[in-house]
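Let me begin by presenting the structure, written as structure tokens, before commenting on it.
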Amino acid sequence: MVMSHMTTMNKEMTLTSKVYIAGHRGLVGSALIRCMQADGYMNVITRTHTELDLTNQKAVFEFFEKEGPEYVFIAAAKVGGIHANSTYPAEFIYENLAIQTNVIHASWRTGVKRLLFLGSSCIYPRDCPQPMKEAYLLSGPLEPSNRPYAIAKIAGIEMCWSYNRQYGTQSLAVMPTNLYGPNDNYDLQNAHVLPALIRKMHEAKVRGDKEIVVWGTGTPRREFLYSDDMADACVFLMCLSDKKFAPLIADDSVPPLINIGCGKDMTIRELAEVIRAVVGFHGEIKMDLSKPDGTPQKLLNVDRLNTLGWQAATEIKQGIMMVYEGFLAQSV
Numbered sequence: 004m005v006m007s008h009m010t011t012m013n014k015e016m017t018l019t020s021k022v023y024i025a026g027h028r029g030l031v032g033s034a035l036i037r038c039m040q041a042d043g044y045m046n047v048i049t050r051t052h053t054e055l056d057l058t059n060q061k062a063v064f065e066f067f068e069k070e071g072p073e074y075v076f077i078a079a080a081k082v083g084g085i086h087a088n089s090t091y092p093a094e095f096i097y098e099n100l101a102i103q104t105n106v107i108h109a110s111w112r113t114g115v116k117r118l119l120f121l122g123s124s125c126i127y128p129r130d131c132p133q134p135m136k137e138a139y140l141l142s143g144p145l146e147p148s149n150r151p152y153a154i155a156k157i158a159g160i161e162m163c164w165s166y167n168r169q170y171g172t173q174s175l176a177v178m179p180t181n182l183y184g185p186n187d188n189y190d191l192q193n194a195h196v197l198p199a200l201i202r203k204m205h206e207a208k209v210r211g212d213k214e215i216v217v218w219g220t221g222t223p224r225r226e227f228l229y230s231d232d233m234a235d236a237c238v239f240l241m242c243l244s245d246k247k248f249a250p251l252i253a254d255d256s257v258p259p260l261i262n263i264g265c266g267k268d269m270t271i272r273e274l275a276e277v278i279r280a281v282v283g284f285h286g287e288i289k290m291d292l293s294k295p296d297g298t299p300q301k302l303l304n305v306d307r308l309n310t311l312g313w314q315a316a317t318e319i320k321q322g323i324m325m326v327y328e329g330f331l332a333q334s335v
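Start counting at 1 in the sequence shown, then tack on 3, and there's your number in the numbering used here.
Rendered as structure tokens:
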């Protein structure tokens, strides 16, 4: 049964609200689970990929009709670093488009009160002015190495925007910067730079290597946000009063988009130095200049989020220390 979402009822999320987190086992989804458990949410529902294949439209519609969640977080996605994006471009565009299309449409069909769609900062142009404002979306060419993934995420933003305009839904897209934290992917073929460096440094330390090789020149600048900070920001946004939430999605000329980051960046070389200190690797760091750098800089402008009253709490070294402890416990 299709329901209209347009209603005057209060849409603020509360501790007793029925909340569905799609992708609860990943880096982002597991952080949302931890955050909501810590805050005392009593009615959070999840499904593993085996229990619910989000690329299967029929299964997704049946799940939404049966469970009737009031609030939805779309943290499910196929993600990876430069190597994975270059190797599996078809999977990156197909799976991400299918997941978000099914969940956003099912949310509208069943009258979900608010939906939060998680994207990525790679939606912004490759040579975007820094720091990147939400208004820079679609203002220039994308970074070719992750274009299929970025286009899928841009389509998700456009879908949220379209359903808001046509059906009065309350869907907000959030663009987190580079994330790291518990349950990260440490597979060296597919991992992002921070977890990949933690594993490489740790294994080099265990072997007693004299040096470690890092891809590229080391000069690209990246912003890193601890995943639990990102989850806290997402819950903060979903709990905003109608008065504060409505302006984020109300303007038909601006996409319903908000950046989530810490507002500070560092070079890949500087990141490697911090990780070396935390891991306790005493060898040299050598840069492999034959490998790609990717985008020269990716720093988000987080003024909109800060103005609403939220700021990141975890410093990079503190976050990496917590992540490394978890990595060691996982490796035992």
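A virtual CB, placed ideally from N, CA and C, is assigned to each residue, including glycine.
Check                                                                                                            : Outcome
Anticipated Cβ contact below 8 Å, Ser-142 with Tyr-74, distance rounded                                          : About 31 Å; that fails the 8 Å criterion.
Buried or exposed (CB count within 10 angstroms, at least 16 for buried), Gly-221                                : buried
With 16 other Cβ atoms within 10 Å as the buried cut-off, status of Ser-7                                        : The pLDDT assigned to Ser-7 is 39, lower than 50, so where the model puts this residue is not dependable; a value taken from the coordinates is nonetheless given after this. With fewer than 16 Cβ atoms within 10 Å of its Cβ, Ser-7 is classed as exposed.
Beta-bridge partners of Tyr-229, as assigned by DSSP                                                             : Tyr-183
Cβ-Cβ separation, Cys-242 to Glu-15 (assumed contact under 8 Å), whole Å                                         : 6 Å
Cβ neighbour criterion (16 or more within 10 Å) applied to Arg-168                                               : exposed
Whole alpha helix (DSSP H) elements within the segment 29–90, 4-residue minimum                                  : 30–42, 60–70, 85–90
Through-space distance from Asn-186 to Asn-105, alpha-carbon basis                                               : 25 Å
Stretch-stretch touch, CB-based, cutoff 8 Å, three pairs: the segment 298–318 with the segment 218–233           : yes
Own chain partners of Leu-191 with C-beta closer than 8 Å, once the 5 adjacent residues on each side are dropped : Ala-199, Arg-202, Lys-203
Beta strand (DSSP E) segment containing Asn-99, residue limits                                                   : Careful: Asn-99 lies outside any beta strand (DSSP E), inside the alpha helix (DSSP H) at 92–112.
DSSP state of Gln-314 mapped onto helix, strand, coil                                                            : coil
Classification of Ser-148 by the beta-carbon crowding that lies within 10 angstroms, buried from 16 upward       : buried
Through-space distance from Thr-113 to Met-324, alpha-carbon basis                                               : 43 Å
Outcome for Asn-181 when other beta-carbon atoms lying within 10 angstroms are tallied against a minimum of 16   : buried
Simplified DSSP state of Met-16, which is helix, strand or coil                                                  : coil
Buried versus exposed, by CB contacts within 10 Å (16 or more), Glu-146                                          : buried
Top-ranked residue by Cα proximity to Ala-80, from His-52, Lys-61, Ala-62, Gly-71                                : His-52
Segment contact, 8 Å Cβ cut-off, at least three pairs: the segment 266–278 with the segment 57–69                : no
Met-9 versus Gln-173: straight-line alpha-carbon distance, rounded                                               : Residue confidence for Met-9 is low, a pLDDT of 41 falling below 50, so the modelled location carries little weight and cannot support an answer.
Alpha carbon of Ile-107 to alpha carbon of Val-22, nearest angstrom                                              : 14 Å
According to DSSP, residues forming a beta bridge with Val-22                                                    : Val-47, Tyr-74
Paired residues, beta bridge with Arg-224 - DSSP                                                                 : Thr-270, Gln-300
Per-residue burial, Val-238 [other beta carbons within 10 Å of its own, 16 or more giving buried]                : buried
Alpha-carbon spacing of Leu-331 relative to Val-209, whole angstroms                                             : 12 Å
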